[in-house]
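Residue numbers (our numbering): 9 to 98.
This is how it looks when you write it as structure tokens:
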């Protein structure tokens, strides 16, 4: 998506990927209908990377913001940071 300059969709996909990873690796559990903000409130790990992803995904998905390559790369770095911290702890 990012290669096609669909940055808003790519940022949203990053968030969904991180949330899916968090659930499958049992980093965090939440009710099926929980919003990203509710999941963020339950997260006990480093808050900034997940908060950054949630905020940017909300702007892109719900706010009509088209995003940019720089924002996509910043979100991708936060996603990598979140998954790397957990993988290093195992």
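Glycine is no exception: its CB is placed at the ideal position from the N, C-alpha and C atoms.
Exposure label - residue i; buried when at least 16 CB within 10 Å
i          : result
residue 54 : exposed
Nearest residue (CA-CA) to residue i, options the options
i          : options        : result
residue 74 : 12, 16, 11     : 16
residue 42 : 27, 91, 78, 35 : 27
residue 21 : 38, 92, 37, 62 : 62
residue 69 : 19, 38, 10     : 19
residue 9  : 51, 50, 76     : 76
Residue i vs residue j beta-carbon contact at 8 Å
i          : j          : result
residue 30 : residue 36 : yes
residue 60 : residue 86 : yes
residue 44 : residue 65 : yes
residue 58 : residue 90 : yes
Residue i to residue j span [Cα, whole Å]
i          : j          : result
residue 40 : residue 48 : 14 Å
residue 80 : residue 11 : 11 Å
residue 71 : residue 33 : 30 Å
residue 38 : residue 78 : 31 Å
residue 46 : residue 14 : 26 Å
residue 52 : residue 92 : 16 Å
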